[in-house]
Amino acid sequence: MAEFTDSIEIAATPQAVFRHLTTNQGMTAWMGEFADLDPTPGGRFAVDIAGHPVRGEFVVVEPHRRVVVSWGFVGSDELPAGASVVEFRLTEIPGGTRVDLHHRNLPDTAVQGHADGWANFLPRLTIAAAGGAPEPDTWTPLPDRLATKSTPTVP
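Quick note: to get this note's numbering, add 1048 to the position in the sequence shown (first position is 1).
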């Protein structure tokens, strides 16, 4: 199993960032078209991203400091619902919040696709949590994008 990590700084309070990780409206402002969240330990984590249903549950909810959810895809053999773990750590810094993301228990074959997704969504969180409105999201998962290309890509 593999891990993906990243970090961003947001010109917003930890409280504002936390709301974007734990409320339906906050989550869909930066990631997904649908969210059904119950931000309590053992509570439901359901977000549809580019037509793909991500399902899991909230594992840890420390208001304004830390959110941990299980994460996976309905119907996936590679990464089934709840099979990996996403952790957001919020640290107050001058002028805002640093968000440290740790996505653990990823199959090696899923790291590139998730890195691509987080590279799209974390900047959107930066905008949304600071009170802005990200552009409409047209991102599609990497395998979907590659499948629609007429010529193969070379790494």
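Note that the Cβ used here is the ideal one computed from N, Cα and C, for glycine as well. Nothing here was measured: the structure is a model prediction, and the numbers come from that model.
- A straight line joining the alpha-carbon of residue 1059 with that of residue 1181 spans about 14 Å.
- Here residue 1150 is actually not in contact with residue 1140; their C-beta atoms are around 19 Å apart, not less than 8 Å.
- With a 10 Å radius around the Cβ and a threshold of 16 neighbouring Cβ atoms, residue 1075 comes out buried.
- Residue 1050 has 1154 as its beta-bridge partners, per DSSP.
- Rounded to the nearest whole angstrom, the C-alpha separation of residue 1146 and residue 1123 is 34 Å.
- In this structure, 1185 is the residue among 1160, 1164, 1185 with its C-alpha nearest to the C-alpha of residue 1172.
- For the set 1157, 1095, 1160, the Cα lying nearest the Cα of residue 1069 is the one of 1095.
- In the structure shown, residue 1095 falls within a strand segment according to DSSP collapsed to helix, strand and coil.
- Using a 10 angstroms sphere on the CB of residue 1083, the tally of other CB atoms reaches 16 or more, which defines it as buried.
- Inside the segment 1112–1167, DSSP marks whole beta strand (DSSP E) runs of 3 or more residues at positions 1114–1119, 1132–1141, 1144–1154, from first to last along the chain.
- If you look at residue 1062, you'll find it isn't in any beta strand (DSSP E); it sits in the alpha helix (DSSP H) that goes 1062–1070.
- The Cβ atoms of residue 1087 and residue 1126 lie no closer than 8 Å to each other.
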